[in-house]
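Worksheet: the structure to be examined is printed underneath.
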Amino acid sequence: MNFSSYILRRVVYALIVLVVIVTINFFIFRVMPGDPVRMIIDPKWTPEMKAALYEQYGLTKPLHEQFFIYLKSLLTLDLGLSFTSSRPVMDELLERLPNTVLLLGIALFIEILIGISIGIFAASKRGSSIESFVTGAGLFTHAVPTFFLQLVLLLIFGFVIPIFPIRGTMAAPPPVGGWAQFLDRVHHLILPVFSLVVINFGSWALYTRNAMVEALGQDYIITARAKGLTKKRVLRHHAFRSILPPIVTLIFLSLPSIISGAVVTETIFSWYGVGRYLLDATMKQDYPAAQGAFYFIALATIICNFVADIVYGLVDPRIRVGGGEGK
Amino acid sequence: MMALLEVNNLKMYYSVRRGDVKAVDGVSFEIEKGESMGLAGESGCGKSSMATTLLRLLPNNGRIVDGSIKFNGQEILTMPEEQFRKEYRWQKMSIIFQGAMNALNPVLRIGDQIAEAIITHENASKAEAKKRAGDLLEMVGINSARYRNYPHEFSGGMKQRAVIAMALACNPDLIIADEPTTALDVMVQAQVLEAIQDLRKKMGLSMMLISHDLSVIAQTCDKVAIMYAGRIVEYGPAKMVYNAPMHPYAYGLLSSFPDIKAPKSPVQSIPGSPPNLLEPPSGCRFSPRCPLADAKCRTVEPELEHLGGNGHLVACHKAGQLGKVGERA
């Protein structure tokens, strides 16, 4: 199998997944109980006005027709108008996207950096009390419910010792001047980023530690040590290099969360982001908004999985396909 | 003349929850420059522990309890780790593991894995090391164009030859070959052994060949040590040990291999199984399985003694009476 046919297969696979998701995405809101226009109509409205509204949103059309309209607009990246705000969903999403990417991107970056370093360190100190402490701490923080830790942090650092803002993405009105605005953003980011790192570093650390311990038990590690390589080189060049493929895959698989946002975190910190938008849209049965957000997330997930497949092939020579070298 | 490698009363134990596993328990031997010694025995008799002890690569629960290892007269057990790593590992002693399995890192290029050893120990530039790694591959019959291949692109025999090339990278004085041909089929096995022998003679290397396969040792070694339950029970020139084994265990081990030239006869096996090294039997460790054992064998541990002349040593109270074992069989 050569590289282009490998890519082609991945593309076809991704497209199939996309179609399935899009279909589910459409029908799931249709079978959900409740009435989508309930949120925007006034109880005083006449049935005629309500019917007109249904007509306007296309809800009177047969289901399959609605489905085809939906598919057509997805292809043109037209996510429709939000029922609640009457603004294009795409605009609303793009407006919130930078905030979410900023929050979760920074958090993910720090989590991975800290988690992997701690994992390697723990594996190199196998059997010591430091290792037990690290694994214990990682498990503990991972088990703490996100909302609980975040509420406690807010209570302590937002209320008892009010050194951080308790809500929002930036101060309102924003401070004047680029530097002041930058500091203001950082100020608002610290608590949510910190809480996400605390909750999530453990899974990276534990995963890395387990993979490293397994790698360090392999015969080729004894060979590497017998060669007289330094401990550091054995650890980094031989053991870590060999666990890199699954780690890189994990990193790529976690990238979509940067876009999908952390629903809980954004809600608790009143973050103006995609996660909270999704939650609001679902609560208000805002079909276009929720569908749009889900579509957005699904697209990001599929793209990242696709990239992960390709990158895995690049970092693991065993599945590298048709690299041009070899026999 | 001083021997290249002198091992004296070496004891290496693994601590486990229930006590100490006495994997190497008072082993002594010598390897001269240019000489090859075979270390034979059943699985779990401590052969491979011997190899890891020589390179000081013990797992966390392994420790050296007693004894000394001298390399060119220099004690290496007490040497600082950093000095040992830099000056001895691979530089003076290298090891050939069962390369057909997992001795090579699957995600690194074969050539780089060889060059890495050169760069670590010598002031060679990257380009120089790469060139030498390519030459080494050629030396074991692998086209140097395959420098950039990964282990999965090699056959079992090629991997094993690459591992041999790697072992020669820093011109060591001693090569420890730990079951170098075990995972290979017989044809490839013969080629690999031949390659090892050729290179060894060309470069005047000493070798310690660890194997459970006595025919492999017979083919390649000047001297043989037979290990049982952490101790050497018979030691001497290969020809003498093979032709006239004096220890009942060595005798049993040798007769458990069929002779293709002799008339067909059932293969002999040694009844019983190797002892638990947590609590080895008192007296001679082989006594519970030995057809000749008597009260003395079960209480007094025999020492390795000169019995056959010409450096043929054996640890057995009944060494002279071996004919009887043969009769019984």
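Listed in order, the protein sequences are those of chains D and A. At the far end of the first sequence sits residue 333, using the numbering used here, and the numbering has no gaps. At the far end of the second sequence sits residue 1093, using the numbering used here, and the numbering has no gaps. Backbone N, C-alpha and C define an ideal beta-carbon position, used for all residues, glycine too. Quantities reported herein were computed from a predicted structural model and do not represent experimental measurements.
Rounded to the nearest whole angstrom, the CA to CA distance from residue 216 of chain D to residue 210 of chain D is 10 Å.
Looking at the DSSP output, residue 777 of chain A bridges to A/786 and A/827. Look at residue 933 of chain A here: in three-state DSSP terms it is coil, with no helix or strand label. Beta-bridge partners of residue 941 of chain A (DSSP): A/860 and A/973.
The Cβ neighbour count for residue 122 of chain D, taken over all protein chains shown within 10 Å, is at least 16; the residue is labelled buried. Within the stretch 863-875 of chain A, the residues whose Cβ lies closer than 9 Å to some Cβ of chain D are 863, 865, 866, 867, 868, 869, 870, 871, 872 and 873, listed in chain order. The contact set of residue 853 of chain A on chain D, defined by CB atoms closer than 7 Å, consists of 232, 233 and 234 in chain order.
Around residue 229 of chain D, the beta-carbon contacts reaching into chain A at under 9 Å are 859, 861, 863, 866, 867, 868, 869, 877, 927 and 930.
Nearest to residue 937 of chain A by alpha-carbon distance, out of A/823, A/781, A/859 and A/786, is A/859.
Looking at the DSSP output, residue 87 of chain D shares a beta bridge with D/94. The C-beta of residue 1046 of chain A has fewer than 16 other C-beta atoms within 10 Å across all chains shown, which makes the residue exposed.
For residue 998 of chain A, the beta-bridge partners assigned by DSSP are A/990 and A/1078. For a cut-off of 8 Å, the C-beta gap from residue 266 of chain D to residue 280 of chain D is around 7 Å, short enough to register as a contact.
Residue environment for residue 253 of chain D: buried (at least 16 other C-beta atoms within 10 angstroms of its C-beta).
In the displayed model, residue 31 of chain D falls within a helix according to three-state DSSP. Secondary structure note for residue 234 of chain D: it is in no alpha helix (DSSP H), with a DSSP letter that is neither H nor E. With 16 or more neighbouring CB atoms inside 10 Å of its own CB, residue 156 of chain D falls in the buried class.
Within its own chain, the residues whose Cβ lies closer than 7 Å to the Cβ of residue 175 of chain D, once the five positions on either side in sequence are excluded, are 105, 194, 277 and 278, listed in chain order.
Annotation: the continuous alpha helix (DSSP H) that includes residue 135 of chain D extends over 135-149. For residue 62 of chain D, DSSP assigns no beta-bridge partner whatsoever. DSSP places residue 248 of chain D outside any beta strand (DSSP E); the residue lies instead in the alpha helix (DSSP H), whose first and last residues are 247-260. Taking the Cβ atoms as the reference, residue 914 of chain A lies roughly 7 Å from residue 870 of chain A, within the contact range of under 8 Å.
Sorting A/804, A/773, A/1001 and A/808 by C-alpha distance to the C-alpha of residue 1040 of chain A places A/808 at the top. C-alpha of residue 769 of chain A to C-alpha of residue 139 of chain D: approximately 43 Å in a straight line. Setting aside the 5 residues that flank it on each side, residue 110 of chain D is surrounded in the same chain by 263, 264, 267 and 268, each with a C-beta closer than 7 Å to its C-beta; the list follows chain order. In the same chain as residue 187 of chain D, and ignoring 5 residues on each side of it, the C-beta atoms closer than 8 Å to its own belong to 176, 180 and 181, in chain order. About 5 Å separates the beta carbons of residue 147 of chain D and residue 208 of chain D, which is inside the 8 Å limit, making them a contact pair. Inter-residue distance for residue 251 of chain D and residue 779 of chain A is about 35 Å (C-alpha atoms, whole angstroms).
Counting the other CB atoms within 10 Å of its CB gives residue 838 of chain A a total below 16, which places it among the exposed residues.
Against chain A, the beta carbon of residue 293 of chain D has no neighbour under 8 Å; the closest one sits roughly 48 Å away.
Straight across, the Cα-Cα distance linking residue 830 of chain A with residue 130 of chain D is about 28 Å. DSSP places residue 184 of chain D inside the alpha helix (DSSP H), whose first and last residues are 184-222. When only Cα atoms are considered, residue 879 of chain A and residue 232 of chain D end up about 14 Å apart.
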